[in-house]
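A short write-up of the structure that comes next.
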Amino acid sequence: MCVRQSLGIAFIAATVSACGGGAPSGEGTSRGTAQINGAGATFPYPIYSKWFAEYNKLHPDVRINYQSLGSGAGIRQLTSQTVFFGASDQPMKDEQLKSAPGNILHFPTVLGAVVPIYNLPGVSQGLKFSGPLLADIVLGKVRKWNDPAIAKHNPGV
Numbered sequence: 073m074c075v076r077q078s079l080g081i082a083f084i085a086a087t088v089s090a091c092g093g094g095a096p097s098g099e100g101t102s103r104g105t106a107q108i109n110g111a112g113a114t115f116p117y118p119i120y121s122k123w124f125a126e127y128n129k130l131h132p133d134v135r136i137n138y139q140s141l142g143s144g145a146g147i148r149q150l151t152s153q154t155v156f157f158g159a160s161d162q163p164m165k166d167e168q169l170k171s172a173p174g175n176i177l178h179f180p181t182v183l184g185a186v187v188p189i190y191n192l193p194g195v196s197q198g199l200k201f202s203g204p205l206l207a208d209i210v211l212g213k214v215r216k217w218n219d220p221a222i223a224k225h226n227p228g229v
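Just remember that the working numbering sits 72 ahead of the position in the sequence shown, which is counted from 1.
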């Protein structure tokens, strides 16, 4: 079993076991199958749909429905208890956690890369960036293409 499948099954198991107690809408159907509803970030939807389909093959009595509506919608639905689990691209803020009607568990399920894209007329070769330099750009500490930090990584450009 590959690492991705193992992580997916661990995520599903954690989700299913975290669903005990009070149940939001969709707790089951008349045929005795369990319905687990979730909502949130769009980024993990492709892998979640694959994981949930694979899980359903092993456990046909459990249906997992995930709506990729965006992180904010997932947090709102989770805190209003209309879904069993939510997904967000970033952790909930302290105020959101405090206003939630119960304990919220945070754990990462999917990681993705962020690729910087730029358009710098007159520069035909690619620029080089270090992790700290990219962080400074995102934080607004580096704001101009002629910043010494960029020049340091790209001599002669």
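The beta carbon of each residue, even a glycine, is placed where N, CA and C say it ideally should be.
- V229 is a Cβ neighbour of L199, given a cutoff of 8 Å.
- Contact between F201 and H178 fails: their C-beta atoms lie close to 29 Å from each other, not under 8 Å.
- Secondary structure within the segment 155-191: the alpha helix (DSSP H) runs of 4 or more consecutive residues, fully enclosed, are 166-171 (chain order).
- When C-alpha distances from G110 are compared across F156, L130 and K122, the shortest belongs to F156.
- DSSP places S196 in the coil class of the three-state scheme, outside both helix and strand.
- For the pair P118 and A223, the Cα-to-Cα distance works out to about 39 Å.
- Under the three-state reduction of DSSP, Q139 is assigned to strand.
- Annotation: S121 to Y138 spans about 8 Å, alpha carbon to alpha carbon.
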